[in-house]
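Undergrad:
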Amino acid sequence: MSVGDLVVEPPRAGLPVRASRLGRAWARWSALPGSLRLGLAIYACALALALVGAVALADPNAQDLNQAFAKPFSSGHPLGADALGHDVLSWIAHSVVTSLTIGVAVVALSAVVGIVVGLVAGYAGGYVDASLMRLVDLQLAVPPLLLFIAASATVGHSMVALILLISVVSWVPYARVVRTQVLVERTRASISAARLAGVSRLRLLLVHLLPPAATLILVLGSLQLGFVLLWEAGLSFVGLGIAPPTPSLGFMIAQGRASLQEAWWVVVFPGTMLALLLLAANVVGDGLQELFGIDVEVVER
Amino acid sequence: MAYSSEADDLRPSEAAVERARRAATSAGLTRQAFLRRSAGSVLGVTSLAAFLTACGSAGTAGTGSAAVGSPPAHPTGTLRIALPGAVDSLDPTIAESVGDLAIITSIFESLVTFDAGYRALAPSLATRWHVSDDAREWVFTLRDGVRFHDGATFDASAVRKNFEYVLRPSDPYGFLFGTPVIDDSDPSVVRFTYKTPFPDLGHNLTLASGISSPKVLGSHPAKADKQVARQHVGTGPFRFVSERAGQSVTLAAFDGHWGEKPHIETLVFNVIPEESARVSALQAGDVDLVLQVAPLAARSLRSDPRLAVHESPSWSTACLMPVCDMKPFDDPRVRQAMAYAIDRKTIVEKLLLGTAALDDSMFPPGIQGYHVPATAYAHDPQKARQLLKDAGYGGTVPVRMSVRSDAVLASEISQALVAQLNAVGFATTSEVLDPAVFEADKSLPRPKYQLHWNEWGWVTGGPFHLTLGALAAQCHYRNPRYDALVARVVVTPDGRARERLIADAIDVWANDVAWITLWVPKRLDASIATLQHYQAPPNVFTKLGTSYISGSA
Amino acid sequence: MKRYIATRLGQGLLVVFGAITISFVLASMAGNPIDARYANISPAARAQLLHQYGYDKPLLERYVSYVGGVAHGDFGPSIGSPTGALTRVAEALPYTLILVFAAMATASLIALASATFGAIRRGSRIDAWVRNGFVALQGIPEFFAGLVLVLLFAVVLGWLPSFGATGPASYVLPVIALSLPLVATLTRLLRSQLLDVLGADFVVALRAKGLSERDIVLRHGLRNAGPPLITYLALQLGWLLGGTIIVEVVFGIPGIGSLVVSATRARDMAVVQAIVVVVAVGYVLFNLFADLAVRAVDPRVRSAT
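Protein chains in written order, with this note's numbering: chain X, 3 to 303; chain Z, 32 to 584; chain D, 70 to 374.
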């Protein structure tokens, strides 16, 4: 493992002493890496927008053909409207919930699968490890597009189906990271000692070998969130993503792209929100790496 | 043209009705088949540059009419055309997509074609034809002195060989030509003889019947699939030069053409799957002609003085098709409610930006037998709600609708329809499906989706979807009176009697609301303003033989 | 070492076999090319066509003959490619390879340059700006980048062609679109590698001798950055191939990305499966190479496996 940056600032250096609770919380917040703060701030704004949307804005699916392609800043449509008169701002606000739900669900599910595979492969070694790693190769060698098209022909387009599908193609990084971690950790003397002392394998895995990888998994998960969002938007382009009445960013971008030059707002605003969420995912991941002093790319191997 | 005028009313036998029924359930063509737009899958979007161009190209008015000029003395210049997807097939008996057909129409010709106004059949490889009174015998007099691109002579035996190929067991469109006995004993005359009247041969010959060189077909035409797939030799104004798979097809002017010699030296068809990329390519000057642009793009391209938009009424209908033997649409009142619920005018004006015409008939004006039915359904949500209540649906009526992903504005139109249906008490959910999945579902005896939105191309200029019963079959529409009328239409020669029968059938259809015609879309092509004598065709066969680029040396 | 390679190749063969099987299963679930192409043809014609393309045989028999055929390079009759599925894939492959390697090279060069700069001037404002800028770049999806570039450089400015693979100029925009997301992570990776080296003892000695930071980074740091760079790129190959699909479709480049999309749409499974096999074989070989590189570098992993 290598340390990310040569010079590591001790987090508490230079903190002014404040007596109040709020002051202390603020001080701790300021001590976090800048990128982490930026990412979390973006997430917070997005969620605030979603809240406003759920409470105050119009139904995103409300159509009004007379308002088709209303320009931004026109009355009732601060960010304009799309081909069917859907309000872009409302659609974006409601989509944030959809995107983050899918993102968190996929990250959780794929992390669980990946961790299990990684733990087993790393600890068992030998044949088991080899065949699990070949399973990894296999999963990566099949074009996901084929998988999605075949699956949607049979399973359909529901959010659950989408979450399952994207998880199937997302679990590998967790497996790799955990496996490498376990391979390294299990050579430690403390592990052999625990084994001799009669600690069960399961307990060994969960209590001794997994926790050191926890920070890595957290970092990976926050980075993967961005990939999931990208996947979901990408799938909308092939017609396999979330469809109305569930609002999604990918759907509005995909539908609006044909009228790009004439009604740029239908693409620009959802696209910007998507890019912001992706940015948030990346900088949160970076910030966590900085915070924990690790570097995921190097560890992955 | 020597069609027989009046024909006797023929009493349909049981066998004829049954034959018609079997034909109706087993054969058909969809508009999608001809207007396939593989709208390239994963796509991109842009913000910044879109913003820039939106600001930059602030509407410069004027449609920029360039001086017409006259065609060059010799074929000159290159015309680059954008194709919406990779070439599927250049076999004239199989090709379906607009792009493929544009290439096919340049290489191959058929016995007959349409006149300049697309009103009547006109001579092409046949100079005259005669139909017997009972429409069982067709005699075509072939044109003299026609040669194929490879030098082979065009004569009756070449025609017979081609029909052996078209009528092979595995050809998907052989049914268009029935089961004739073809007589080629006279090299300049071809005689088609049918056991039962086949009045549609003339119109159907404009479709899927491009004549290939007999050298390509060889001695066993029925097994010539592989040869025809690789060698494209016809009699048309352009000959095939080369194909770079997935990239482009190049054609060159054929100076041995019997008719008006082409004015353009080279045609290059480029594959550009992404819709906005095709428009960008036209604006950047990388292509000269784009087939089928969306209404919104057409509107903004019109304001560019260097470009021109060619608009023409097309022979296609957008239809909303329920499955008539499944709940909830097995009740005619529910179908009527569906018809009353749709506000077609608003969709045409706001979504299609006026690039469609409203119509209540089964097929568009310009098709033989066009008739406006007595019953029409205006937009009346109140009536729709009442009808649903009368039909016994107290709460909401759940409906699953499917749409083909490559239909123009498929997603937007389906959403608008859903909203209108749901406003009167339906609870519709719609899915945009991959063509393969869409078609597979429709062919099931009990499809998963009870409602379909689709576009149908009446590309032969005749009511062939009516006679072949494709639409009725897909809607699972069975009405003995309608079926009997259709069975008689099939065997009645062209003329007033046939038109009366067609009108009756349409009236029954409209009364039953078996399916509804939403609108008749227009065909929109965009090109450089200097392209002259180009006409967007109402059928899908794009002709480039008489076009030229003005101002080219 | 030889035994290791042999076992890995053997395992790779299993992976390829697994990929063949899975894609066959998926393909048969997804439908056949006849139904995808023709709607409502007569049952007789449909039956004839299905027979012609071998779709009327039972699944197991089709699978066996398919696997047997693959061993000879025959992927079955392709409805869209009369010259054969493998030939079609071989025609398309060079375009994709050019795109992928050009993107890797471009991203590597930019990353090396900025990582070197960042290592030499670490901690400075400019360094922070550059790093943050690249992170922002990483958030731009290729589909965003793709058409922005076309609209900007082809339509508005007219400097570069908007589609196709007609020569070096037409590759510029697609390569940029594809390499953008790579640059950020590569930069970070290389930067951390370089900083590692700079913390080593021998570097302290070099500094004591009076060598400038720049010389140290350029001569010693970059040499050490090589192996992880290659490893990372090899890992990213799979992702890159996925990204080229988007870029190829947007820019109209006739590589295997466009091909897999159009073949899947048309349910031309012979071509799709040929692509799967080619990609799987390539992936196995690249992975093997990457594994060997890692084993050479990290002794702990070597002893553990």
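The C-beta atom is built at its ideal place from N, Cα and C for all residues, glycine as well.
Please name the residue, chosen from D/Phe-86, D/Val-347, D/Asp-360, that lies closest to X/Leu-137 on a Cα-to-Cα basis.
TA: Walking along the first sequence from the start, residue 137 of chain X turns up at place 135. Checking every option, the nearest Cα to that of X/Leu-137 belongs to D/Phe-86.
Undergrad: Among D/Ala-114, D/Phe-170, D/Leu-258, D/Tyr-73, which residue has its Cα nearest to the Cα of Z/Leu-207?
TA: Here the question's residue 207 of chain Z lines up with position 176 in the second sequence. The shortest Cα separation from Z/Leu-207 among D/Ala-114, D/Phe-170, D/Leu-258, D/Tyr-73 belongs to D/Ala-114.
Undergrad: Can you check whether the C-beta of Z/Thr-94 is within less than 8 angstroms of a C-beta belonging to chain X?
TA: For the purposes of this step, residue 94 of chain Z is taken as residue 63 along the second sequence, with counting starting at 1. In this prediction, Z/Thr-94 has a pLDDT of 33, which is less than 50 and means its spatial position is unreliable; nothing more can be read from the coordinates.
Undergrad: Which residues, in chain order, does the stretch 514-537 of chain Z contribute to contact with chain D at a C-beta distance below 7 angstroms?
TA: So nothing in the stretch comes that close.
Undergrad: Where does X/Asp-139 fall in DSSP's three states?
TA: Locating residue 139 of chain X in the first sequence gives position 137, counting from the first residue. If DSSP states are grouped into helix, strand and coil, X/Asp-139 belongs with the helices.
Undergrad: Kindly list the residues whose CB is nearer than 6 angstroms to the CB of Z/Ile-112, restricted to its own chain and excluding five residues on each side of it in sequence; keep chain order.
TA: Translated into positions along the second sequence, residue 112 of chain Z becomes position 81. Cβ within range, chain order: Phe-300, Leu-320.
Undergrad: Within a Cβ cutoff of 8 angstroms, which residues of the same chain sit near Z/Arg-375, ignoring the five residues on either side of it in sequence?
TA: Residue numbering aside, residue 375 of chain Z sits at position 344 when the second sequence is read from its first letter. Leu-389, His-410, Leu-549, Trp-550, listed in sequence order.
Undergrad: Anything in chain X within Cβ reach of Z/Ala-450, meaning under 7 angstroms, just list it in chain order.
TA: Working through the second sequence from its first residue, we reach residue 450 of chain Z at position 419. Simply Gln-65.
Undergrad: Quick one: which residues of the stretch 48-82 of chain X get their C-beta closer than 7 angstroms to a C-beta of chain Z? List them in chain order.
TA: Within the stretch 48-82 of chain X, the residues whose Cβ lies closer than 7 angstroms to some Cβ of chain Z are Gln-65, Leu-67, Asn-68, Ala-70, listed in chain order.
Undergrad: To the nearest angstrom, how far is the alpha carbon of Z/His-341 from that of Z/His-496?
TA: As a first step, residue 341 of chain Z is located in the second sequence; it is residue number 310 there, counting from the start. As a first step, residue 496 of chain Z is located in the second sequence; it is residue number 465 there, counting from the start. Rounded to whole angstroms, Z/His-341 to Z/His-496 spans 27 angstroms at the Cα level.
Undergrad: If the criterion is Cβ atoms closer than 8 angstroms, does the pair Z/Gln-172 and Z/Thr-158 meet it?
TA: Residue mapping note: residue 172 of chain Z aligns to position 141 of the second sequence, counting from 1. Residue mapping note: residue 158 of chain Z aligns to position 127 of the second sequence, counting from 1. Residue identity differs from the one stated: residue 172 of chain Z is Thr in this sequence, not Gln. Against a cut-off of 8 angstroms, the Cβ pair of Z/Thr-158 and Z/Thr-172 comes out as a contact.
Undergrad: So, does the CB of X/Ile-165 fall closer than 8 angstroms to a CB anywhere in chain D?
TA: Residue mapping note: residue 165 of chain X aligns to position 163 of the first sequence, counting from 1. X/Ile-165 does not count as touching chain D.
Undergrad: By Cβ distance, which residues of its chain are closer than 6 angstroms to Z/Gly-100, with the 5 residues on each side in sequence left out?
TA: Here residue 100 of chain Z refers to the residue found at position 69 when the second sequence is read from its first residue. For Z/Gly-100, where only same-chain residues beyond five positions count, the Cβ hits under 6 angstroms are Ser-581.
Undergrad: So, for Z/Cys-86: in the same chain, excluding its five sequence neighbours on each side, which residues have a beta-carbon less than 8 angstroms away from its beta-carbon?
TA: Along the second sequence, read from residue 1 onward, the residue named residue 86 of chain Z stands at position 55. Note that Z/Cys-86 scores 34 on pLDDT, short of 50, meaning its location in the model is unreliable and no value can be drawn from it.
Undergrad: Grouping DSSP H, G and I as helix and E and B as strand, with all else coil, what is Z/Glu-291?
TA: One-based indexing of the second sequence puts residue 291 of chain Z at position 260. If DSSP states are grouped into helix, strand and coil, Z/Glu-291 belongs with coil.
Undergrad: Mind checking the stretch 95-114 of chain D against chain X and listing, in chain order, the residues whose C-beta falls within less than 8 angstroms of any C-beta there?
TA: The stretch 95-114 of chain D vs chain X, Cβ under 8 angstroms: Leu-95, Ala-96, Met-98, Ala-99, Gly-100.
Undergrad: Check the DSSP bridge columns for Z/Pro-352 and list the partner residues they point to.
TA: Walking along the second sequence from the start, residue 352 of chain Z turns up at place 321. The amino acid occupying residue 352 of chain Z in the given sequence is Met; Pro does not appear at that position. Paired residue(s): Z/His-483.
Undergrad: What does the alpha-carbon distance come out to for the pair X/Asp-61 and Z/Arg-554?
TA: As a first step, residue 61 of chain X is located in the first sequence; it is residue number 59 there, counting from the start. As a first step, residue 554 of chain Z is located in the second sequence; it is residue number 523 there, counting from the start. Their backbone Cα atoms lie some 35 angstroms apart in a straight line.
Undergrad: Would you tell me roughly how many angstroms separate the C-alpha atoms of Z/Ala-189 and Z/Pro-245, rounded to the nearest one?
TA: Position 158 of the second sequence, counting from 1, holds the residue named residue 189 of chain Z. Position 214 of the second sequence, counting from 1, holds the residue named residue 245 of chain Z. When rounded, the distance between both Cα atoms is 5 angstroms.
Undergrad: Strictly by DSSP, which residues pair up with Z/Trp-546?
TA: Translated into the one-based positions of the second sequence, residue 546 of chain Z becomes position 515. For Z/Trp-546, which the question treats as bridged, DSSP gives no partner whatsoever.
Undergrad: Once DSSP output is grouped into helix, strand and coil, what is the label at Z/Glu-274?
TA: In the second sequence, counting from the first residue as 1, residue 274 of chain Z sits at position 243. Three-state result, Z/Glu-274: strand.
Undergrad: Grab me the residues of D/Pro-127's own chain with a C-beta within less than 8 angstroms of its C-beta, minus the 5 sequence neighbours each way, in chain order.
TA: As a first step, residue 127 of chain D is located in the third sequence; it is residue number 58 there, counting from the start. Hits under 8 angstroms: none found.
Undergrad: Under 8 angstroms, do X/Ile-219 and X/Ile-117 count as touching if we go by C-beta distance?
TA: Numbered from its first residue, the first sequence carries residue 219 of chain X at position 217. Numbered from its first residue, the first sequence carries residue 117 of chain X at position 115. Taking 8 angstroms as the Cβ cut-off, X/Ile-219 and X/Ile-117 qualify as a contacting pair.
Undergrad: So if I threshold CB-CB distances at 8 angstroms, which residues from the stretch 257-268 of chain X count as touching chain Z?
TA: Going along the stretch 257-268 of chain X in chain order, one finds Gln-257, Gly-258, Arg-259, Ala-260, Ser-261, Leu-262, Gln-263, Glu-264, Ala-265, Trp-266 with a Cβ nearer than 8 angstroms to chain Z.
Undergrad: Do the CB positions of X/Asn-68 and X/Pro-247 come within less than 8 angstroms of each other?
TA: For the purposes of this step, residue 68 of chain X is taken as the residue at position 66 of the first sequence. For the purposes of this step, residue 247 of chain X is taken as the residue at position 245 of the first sequence. Against a cut-off of 8 angstroms, the Cβ pair of X/Pro-247 and X/Asn-68 comes out as no contact.
Undergrad: Give me the Cα-Cα distance between D/Tyr-352 and D/Leu-309, rounded to the nearest whole angstrom.
TA: By one-based count along the third sequence, residue 352 of chain D stands at place 283. By one-based count along the third sequence, residue 309 of chain D stands at place 240. Their Cα atoms are separated by approximately 12 angstroms.
Undergrad: With a threshold of 16 other CB atoms inside 10 Å of the CB of X/Thr-103, please say whether the residue is buried or exposed.
TA: The sequence position of residue 103 of chain X within the first sequence is 101, counting from 1. Per the 10 Å Cβ criterion, exposed.
Undergrad: Which residues in the same chain have their Cβ closer than 6 angstroms to the Cβ of X/Leu-237, if we skip the five residues on either side of it in sequence?
TA: Position 235 of the first sequence, counted from the start, is the residue given in the question as residue 237 of chain X. Cβ within range, chain order: Gly-243.
Undergrad: Can you give the beta carbon distance from X/Val-184 to X/Leu-211, rounded, assuming they're within the 8 angstroms contact cut?
TA: Stepping through the first sequence from its first residue, residue 184 of chain X is reached at position 182. Stepping through the first sequence from its first residue, residue 211 of chain X is reached at position 209. X/Val-184 to X/Leu-211, Cβ: 5 angstroms. Contact.
Undergrad: Which of helix, strand or coil does DSSP assign to X/Ile-255?
TA: Working through the first sequence from its first residue, we reach residue 255 of chain X at position 253. DSSP places X/Ile-255 in helix when its eight states are reduced to three.
Undergrad: Cα separation between Z/His-294 and Z/Ser-273?
TA: As a first step, residue 294 of chain Z must be located in the second sequence, where it is residue number 263. As a first step, residue 273 of chain Z must be located in the second sequence, where it is residue number 242. Going from the Cα of Z/His-294 to the Cα of Z/Ser-273 covers about 20 angstroms.
Undergrad: Below 6 angstroms CB to CB, which residues in the same chain sit around Z/Glu-486 once its five sequence neighbours on both sides are set aside?
TA: Translated into positions along the second sequence, residue 486 of chain Z becomes position 455. Only Arg-62, Ser-347, Ala-349, Ala-438 meet the Cβ criterion.
Undergrad: At the 8 angstroms Cβ level, is Z/Thr-377 part of the contact set with chain X, yes or no?
TA: The residue you call residue 377 of chain Z lines up with position 346 of the second sequence. Output row for Z/Thr-377: interface = yes.
Undergrad: Within 10 angstroms of the Cβ of Z/Tyr-225, are there 16 or more other Cβ atoms? Answer buried if so, exposed if not.
TA: Residue numbering aside, residue 225 of chain Z sits at position 194 when the second sequence is read from its first letter. So Z/Tyr-225 counts as buried.
Undergrad: Three-state secondary structure (DSSP) at Z/Pro-552?
TA: Here residue 552 of chain Z corresponds to residue number 521 of the second sequence, with the count starting at 1. The answer is strand: DSSP assigns Z/Pro-552 an E or B state.
Undergrad: Using a 10 Å radius around the Cβ and a threshold of 16 neighbouring Cβ atoms, would you call D/Glu-130 buried or exposed?
TA: Position 61 of the third sequence, counted from the start, is the residue given in the question as residue 130 of chain D. Exposed is the call here.
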